[in-house]
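Asker: Numbering (numbering that gives the first Met the number 0), first residue to last: 0 to 243. We treat Cβ as the ideally placed atom computed from N, Cα and C, and that holds for glycine.
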Amino acid sequence: MKLSELKFQAPPGLKEQTLLDTGLIDGFVSLASSVGMLNVAFNIRGVSAVAPSETEFVAGFEQRFGRRVVAVDRLPNQLEAGVERTLKTGRLGKLHVDWRGQTNFQQMVLKAAASIPTGEVRPYGWIAARIGRPTALRAVGSALGQNPVPVIVACHRVVRTDGNLGQYRFGAAMKAELLKAEGLDLRPHPGILVANRKTGVACYPSCRVARRIAPEHQHWLSSSRQAVAAEYRACDHCQPVFGG
Numbered sequence: 000m001k002l003s004e005l006k007f008q009a010p011p012g013l014k015e016q017t018l019l020d021t022g023l024i025d026g027f028v029s030l031a032s033s034v035g036m037l038n039v040a041f042n043i044r045g046v047s048a049v050a051p052s053e054t055e056f057v058a059g060f061e062q063r064f065g066r067r068v069v070a071v072d073r074l075p076n077q078l079e080a081g082v083e084r085t086l087k088t089g090r091l092g093k094l095h096v097d098w099r100g101q102t103n104f105q106q107m108v109l110k111a112a113a114s115i116p117t118g119e120v121r122p123y124g125w126i127a128a129r130i131g132r133p134t135a136l137r138a139v140g141s142a143l144g145q146n147p148v149p150v151i152v153a154c155h156r157v158v159r160t161d162g163n164l165g166q167y168r169f170g171a172a173m174k175a176e177l178l179k180a181e182g183l184d185l186r187p188h189p190g191i192l193v194a195n196r197k198t199g200v201a202c203y204p205s206c207r208v209a210r211r212i213a214p215e216h217q218h219w220l221s222s223s224r225q226a227v228a229a230e231y232r233a234c235d236h237c238q239p240v241f242g243g
């Protein structure tokens with residue numbers, strides 16, 4: 000028999016695995032989280048998309064990114080532990096994200112959001128100041144709304160200045176669920192900042208330092224200008240934006 004006459008059936012999934020290994024298509028798995036099952040997509044660059052499992056994930060992914068995505072049994076070894084750790088702790092850590100399709104500005108916004116500690120929130124103005132664009136509040140909000148990897152990159156920790164949760168790509172209810180799961184008290188506060196009369200330090204209410212202020216030492220402030228006028232210092236941990 001000639002070699003040209005030899006035929007065999009390729010193992011199921013071999014073609015798709017080859018495409019995954021070369022980065023020509025993405026894979027995705029469904030994983031449990033504090034807000035239910037999530038579809039987590041990945042490729043050789045890192046995590047590429049995240050969405051609740053009940054969404055039209057495949058069609059939405061292919062429309063947005065212009066490439067195929069297929070269901071697989073598990074994450075690759077180099078991502079599995081990192082994704083599980085991020086979903087458990089809320090910290091991005093060294094987990095790789097595929098930022099293709101995001102502008103430099105969008106990446107700066109999302110990386111700033113990822114730096115917010117688990118169980119705390121920051122206003123849009125804090126993100127804008129942190130990336131050196133203090134007046135770009137609308138652009139910050141737009142960049143957060145385009146986050147391809149919500150939950151993994153915690154854009155749900157960015158809220159309005161008045162403490163209102165604001166918008167979220169998958170709805171305010173999911174945003175509230177995520178924050179509650181992190182231990183955040185969502186009840187309204189008497190002000191947008193709280194200062195410690197004893198130490199002279201002012202914080203955002205969710206800050207871990209603010210949570211340690213004894214009630215008799217609390218001074219609630221309605222604006223950052225009020226904090227400046229009272230000569231309070233900005234907390235080193237939450238770094239509130241003063242003067243606006």
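1) Taking the DSSP output, what are the residues bridged to W98?
2) What's the call for F7, buried or exposed, on a 16-neighbour Cβ count within 10 Å?
3) S223 lies in the beta strand (DSSP E); which residues open and close that run?
4) Can you list, in chain order, the residues of its chain whose CB lies under 7 Å from that of V152, leaving out five sequence neighbours each side?
5) Measuring alpha carbon to alpha carbon, tell me which residue in L19, G22, F56, S33 is nearest K174.
6) Just to confirm the assignment: which complete alpha helix (DSSP H) runs, minimum length 4, are found wholly within the segment 75 to 149?
7) Which one of T134, P116, V28, P133 has the shortest CA to CA distance from R156?
8) Beta-carbon within less than 8 Å of V49's beta-carbon, same chain only, minus the 5 sequence neighbours each way: which residues are those?
9) Run the CB neighbour count on P245, radius 10 Å, all protein chains shown included, and call it buried at 16 or more, exposed below.
10) Opposite H218 in the DSSP bridges: which residues?
11) Taking the Cβ atom as the reference point for each residue, do V120 and V158 lie within a distance shorter than 8 Å?
12) Report the rounded CA-to-CA distance for S54 versus I212, giving the unit in angstroms.
13) Buried or exposed, going by whether 16 or more other CB atoms sit within 10 Å of the CB of H216?
14) So for A172, helix, strand or coil by DSSP?
15) For G118, tell me which candidate among L78, T134, L185 has the shortest Cα-Cα distance.
16) Take V69 as the anchor and find which of L19, F104, Q105, Q77 has the nearest alpha-carbon.
17) Counting pairs of beta carbons, one from the segment 194 to 205 and one from the segment 227 to 237, are three or more of them closer than 8 Å?
18) Since E181 and G89 are thought to touch, with beta carbons under 8 Å apart, how far apart are those beta carbons, to the nearest angstrom?
19) Run the CB neighbour count on P189, radius 10 Å, all protein chains shown included, and call it buried at 16 or more, exposed below.
20) For I43, which residues of its own chain have a beta-carbon under 7 Å away from its beta-carbon, when the five flanking residues on both sides are left out?
21) Do F104 and V71 have their CB atoms nearer than 8 Å?
22) Taking DSSP as the reference, what is the three-state secondary structure of R159?
23) Please identify the residue among I126, R207, D25, V46 whose C-alpha is closest to the C-alpha of R67.
24) Output the boundary residues of the beta strand (DSSP E) element that contains V240.
25) Counting along the chain, where does the alpha helix (DSSP H) carrying V57 start and finish?
Answerer: On the basis of the coordinates in this document:
1) As DSSP reads the structure, W98 sits in no beta bridge.
2) Low confidence applies here, because F7 scores a pLDDT of 42, under 50, leaving its location unreliable; read the following figure in that light. Looking at its Cβ environment, which holds fewer than 16 other Cβ atoms inside 10 Å, F7 is exposed.
3) It is not in any beta strand (DSSP E) - S223 instead sits in the alpha helix (DSSP H) that spans 223 to 228.
4) Result list for V152: L91, V96, L109, A112, A113, N146, in chain order.
5) Of the candidates L19, G22, F56, S33, the one whose C-alpha sits nearest the C-alpha of K174 is S33.
6) Taking only runs of at least 4 residues, the alpha helix (DSSP H) segments lying wholly in the segment 75 to 149 are 76 to 88, 103 to 113, 123 to 129, 136 to 144.
7) Closest in alpha carbon position to R156, among T134, P116, V28, P133, is P116.
8) Within the same chain, Cβ atoms closer than 8 Å to the Cβ of V49 are found at L37, N38, V39, A40, P147, V148, P149, V150, I151, the five residues on either side in sequence being excluded.
9) With the chain running from 0 to 243 in the structure shown, residue 245 is simply not present.
10) According to DSSP, which records beta bridges pairwise, H218 is partnered with A194.
11) Yes, the pair counts as a contact, with Cβ atoms nearer than the cut-off.
12) The residue you asked about is not Ser; residue 54 is Thr in the sequence shown. Computed Cα separation, rounded: 42 Å.
13) When all chains shown are included, H216 counts as exposed.
14) In this structure, A172 counts as helix in the three-state DSSP scheme.
15) Taking only the C-alpha atoms, the option nearest G118 is L185.
16) Of the candidates L19, F104, Q105, Q77, L19 places its Cα closest to the Cα of V69.
17) Yes, the segment 194 to 205 touches the segment 227 to 237.
18) Under the criterion of beta carbons closer than 8 Å, E181 and G89 qualify as touching, at roughly 6 Å.
19) Flag for P189 reads exposed.
20) Sequence-distant Cβ neighbours of I43 in its own chain, meaning closer than 7 Å and more than five residues away, are G22.
21) Contact flag unset, no.
22) Here DSSP, grouped into helix, strand and coil, assigns R159 to coil.
23) Nearest option by C-alpha distance: D25.
24) From DSSP, V240 is part of no beta strand (DSSP E); its letter is neither H nor E.
25) It spans 56 to 64 - the alpha helix (DSSP H) in which V57 sits, taken as one unbroken run.
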